[in-house]
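Working notes for the structure below.
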Amino acid sequence: GGLFILNVAQPAAPTLEYQWNPSTGRARSVFVRNGYAYVAYGDSLRILDVSTPSAPEEVAEITFSAACNDVVVDGDYAFVVTSEALMVFNVSNPAQPFEVASQTGVFSTDPLRIDKQGDYLYVTCDHGGIYTFQVRELYHHTNIRDYNGDGTSDIGIFRETTGLWAIRELTRVYFGTPGDEPVPGDYSGSNTTGIGIFRESTGLWALRGFSRTYFGTVSDGPIPGDYDGDGSWDIAIFREATGLWAIRDVTRVYFGTVGDEPVPGNYGGGEADDIGIFRPATGLWAIRYVSRIYFGTASDMVVPGDYDGNGKWEVGIFRESIGLWSIRGVTRIYFGESGDEPVTADYDGDRTDDIGIFRASFGLWAVRGMTRIYFGGSGDIPVTR
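Following this note's numbering, the numbering of the sequence shown begins with 121 at its first residue and continues without gaps.
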């Protein structure tokens with residue numbers, strides 16, 4: 121088995137340049153892109169630097185619980201089929217790949233081959249025909265503030281008094297002035313969060329290294345997100361006085377009334393964020409075209425997110441007075457105390473939101489079942505979600 125690299129400068133007389141065969145196992149397929157060979161080998165995906173064909177070097181190995189059958193690479197992503205699942209990996213740095221999505225239980229028989237064209241994947245199965253997938257549905261995730269593109273939410277703060285953005289272990293920059301609201305997001309569609317501010321007094325949106333535009337006015341609340349499902353965030357505002365949702369270059373709709381809190385998110389599991397409101401007076405969650413339910417009370421903080429990893433957001437509340445997290449249909453736990461700020465985010469990159477709090481008085485970040493660190497302090501605004 122293994123990988124054979126042949127020199128075909130003379131097609132009629134190919135010569136063996138190198139044979140790679142690390143151990144007993146079956147090499148089922150290979151895909152070569154930009155000097156790297158992606159080999160479906162046994163129960164793993166092996167990535168080799170083949171920029172020097174006579175001396176390839178293995179740079180990464182991803183091990184699965186089932187046989188790895190095929191791989192195709194497009195841009196920064198490797199699409200893999202094992203005998204159990206369809207998986208997507210970010211390979212922008214081939215030596216440090218990380219999983220961004222997976223789907224299991226969708227094939228009636230073993231998937232054998234995979235190919236990609238445009239936004240679609242095509243998978244053939246053993247005696248099972250062909251399956252077609254729309255790519256964006258696999259790795260669209262909007263509740264993440266990932267400042268370095270590694271697939272995990274990063275801990276960070278915005279210090280309004282000085283305009284400081286401090287992203288843990290990544291960067292410290294000054295951007296903004298007192299009174300600005302932080303609006304970090306993936307406005308470029310690069311799967312990396314960019315730094316940005318909204319200046320309510322003038323309606324300025326300043327997105328660092330990307331754009332400056334005016335949209336909105338005094339009393340408008342910024343609600344950026346991906347409302348058209350194209351993979352990049354849209355500038356948007358909610359005008360509570362009239363219930364107006366104005367999404368730049370996408371739509372203008374009226375949904376909600378005075379006293380409502382905007383809670384946009386991916387509740388339907390599609391490509392685009394849904395418009396929604398929480399009405400504290402009654403506990404109503406109204407998600408446009410999706411659902412209307414009652415959950416929570418006037419003093420609760422809203423913490424919607426995808427807590428079970430099914431690709432759809434759940435309605436959730438944090439009751440600060442007693443530290444209660446109540447996620448509808450998923451869990452009820454106690455984590456935190458009075459004065460804590462909820463910081464829901466995907467801290468480990470498993471496409472499931474994690475429960476966490478920021479205790480500004482001590483600068484404590486406590487992520488349930490994961491970590492406790494100190495970063496920031498009183499007056500700082502978390503920019504992790």
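The C-beta atom is built at its ideal place from N, Cα and C for all residues, glycine as well.
Quick test of your reading: residue i and residue j, contact by CB under 8 Å. State the CB separation rounded to the nearest angstrom.
i, j, result
"residue 397", "residue 415", "With 8 Å as the limit, residue 397 and residue 415 do not qualify as a contact, their Cβ atoms being about 13 Å apart."
"residue 495", "residue 288", "5 Å"
"residue 159", "residue 166", "4 Å"
"residue 140", "residue 155", "The Cβ separation is near 15 Å, so there is no contact."
"residue 183", "residue 164", "5 Å"
"residue 487", "residue 277", "Actually they do not touch by this definition, with Cβ atoms about 15 Å apart."
In angstroms, rounded to a whole number, what distance separates the CA positions of residue i and residue j?
i, j, result
"residue 452", "residue 430", "18 Å"
"residue 445", "residue 420", "10 Å"
"residue 311", "residue 209", "13 Å"
"residue 469", "residue 129", "44 Å"
"residue 337", "residue 320", "6 Å"
"residue 412", "residue 387", "12 Å"
"residue 124", "residue 227", "31 Å"
"residue 200", "residue 229", "16 Å"
"residue 442", "residue 459", "10 Å"
"residue 343", "residue 246", "46 Å"
"residue 434", "residue 395", "14 Å"
"residue 326", "residue 317", "5 Å"
"residue 510", "residue 307", "Given that the chain is displayed from residue 121 to residue 505, the structure contains no residue 510 and the question cannot be resolved."
"residue 456", "residue 138", "58 Å"
"residue 428", "residue 207", "18 Å"
"residue 348", "residue 218", "26 Å"
"residue 133", "residue 332", "59 Å"
"residue 216", "residue 399", "44 Å"
"residue 381", "residue 151", "49 Å"
"residue 370", "residue 131", "53 Å"
"residue 473", "residue 148", "35 Å"
"residue 505", "residue 236", "32 Å"
"residue 440", "residue 292", "30 Å"
"residue 448", "residue 405", "12 Å"
"residue 407", "residue 462", "21 Å"
"residue 485", "residue 271", "19 Å"
"residue 143", "residue 198", "23 Å"
"residue 483", "residue 383", "26 Å"
"residue 285", "residue 363", "31 Å"
Are residue i and residue j closer than 8 Å when you measure CB to CB?
i, j, result
"residue 314", "residue 323", "no"
"residue 417", "residue 403", "yes"
"residue 190", "residue 179", "no"
"residue 175", "residue 471", "no"
"residue 450", "residue 438", "no"
"residue 500", "residue 265", "no"
"residue 392", "residue 346", "yes"
"residue 186", "residue 202", "yes"
"residue 283", "residue 296", "yes"
"residue 366", "residue 378", "no"
"residue 211", "residue 193", "yes"
"residue 269", "residue 309", "no"
Applying the 10 Å Cβ sphere with the 16-neighbour rule, what's the burial state of residue i?
i, result
"residue 489", "exposed"
"residue 273", "buried"
"residue 385", "buried"
"residue 275", "buried"
"residue 476", "buried"
"residue 373", "exposed"
"residue 467", "buried"
"residue 529", "For the chain, the structure presents residues 121 to 505; residue 529 sits outside this window and is missing."
"residue 409", "exposed"
"residue 214", "buried"
"residue 77", "Residue 77 lies beyond the range of the chain shown here (121 to 505); nothing can be said about it."
"residue 162", "buried"
"residue 528", "In the structure as shown, the chain begins at 121 and stops at 505. Residue 528 is therefore absent and cannot be evaluated."
"residue 464", "buried"
"residue 511", "Residue coverage of the chain in this structure runs from 121 to 505, which leaves residue 511 outside it and unanswerable."
"residue 401", "exposed"
Does the beta carbon of residue i fall short of 7 Å from some heavy atom of the ligand NAD?
i, result
"residue 413", "Ligands displayed in this structure: none; no statement on the ligand NAD is therefore possible."
Could you pull out every residue in the same chain whose Cβ sits closer than 7 Å to the Cβ of residue i, ignoring the five residues on either side in sequence?
i, result
"residue 368", "335, 354, 355 and 356"
"residue 254", "239 and 240"
"residue 498", "480 and 481"
"residue 146", "121 and 162"
"residue 281", "298 and 499"
Below 6 Å CB to CB, which residues in the same chain sit around residue i once its five sequence neighbours on both sides are set aside?
i, result
"residue 244", "232, 233 and 250"
"residue 205", "222 and 224"
"residue 248", "228 and 229"
"residue 340", "357 and 359"
"residue 267", "274, 287, 290 and 313"
"residue 389", "431 and 432"
"residue 127", "135 and 137"
"residue 115", "In the structure as shown, the chain begins at 121 and stops at 505. Residue 115 is therefore absent and cannot be evaluated."
Please list, in chain order, all residues of the same chain as residue i whose beta carbon is under 8 Å from its beta carbon, the five residues on each side excluded.
i, result
"residue 196", "210, 211, 212 and 311"
"residue 454", "442, 443, 444 and 445"
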